[in-house]
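*Asks:* Under our numbering, the letters of the sequence shown match residues 48 to 83, in that order.
Just so you know, even glycine gets a beta-carbon here, dropped at the ideal spot from N, CA and C.
None of the values given here were measured: they were computed from a predicted structure.
The structure is given below, and queries will be raised subsequently.
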Amino acid sequence: NESRRRQAARWLRVERSILLVALVIVGALVTNGVLK
Numbered sequence: 048n049e050s051r052r053r054q055a056a057r058w059l060r061v062e063r064s065i066l067l068v069a070l071v072i073v074g075a076l077v078t079n080g081v082l083k
């Protein structure tokens, strides 16, 4: 149980960071499109 819980927490953290990176990339693309 402990190891599974740790793995789940790690995956949640990874998913959150990936979402943040995706949001930043989308924001940059949108700003580029608007500026162009």
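1. Return the CA-CA distance between K83 and S64, expressed in angstroms with no decimal places.
2. In angstroms with no decimal places, state the Cα-to-Cα distance between V61 and T78.
3. Rounded to whole angstroms, what is the Cα-Cα separation between V73 and R51?
4. Report the three-state DSSP secondary structure of N79 (helix, strand or coil).
*Replies:* The short version:
1. Counting from 1 along the sequence shown, the entry for residue 83 is found at position 36. Counting from 1 along the sequence shown, the entry for residue 64 is found at position 17. About 29 Å.
2. Here residue 61 is taken as the residue at index 14 of the sequence shown, counted from 1. Here residue 78 is taken as the residue at index 31 of the sequence shown, counted from 1. Each residue's Cα considered, the two are about 26 Å apart.
3. What you label residue 73 is simply residue 26 of the sequence shown in a count that begins at 1. What you label residue 51 is simply residue 4 of the sequence shown in a count that begins at 1. Each residue's Cα considered, the two are about 33 Å apart.
4. Along the sequence shown, read from residue 1 onward, the residue named residue 79 stands at position 32. DSSP places N79 in helix when its eight states are reduced to three.
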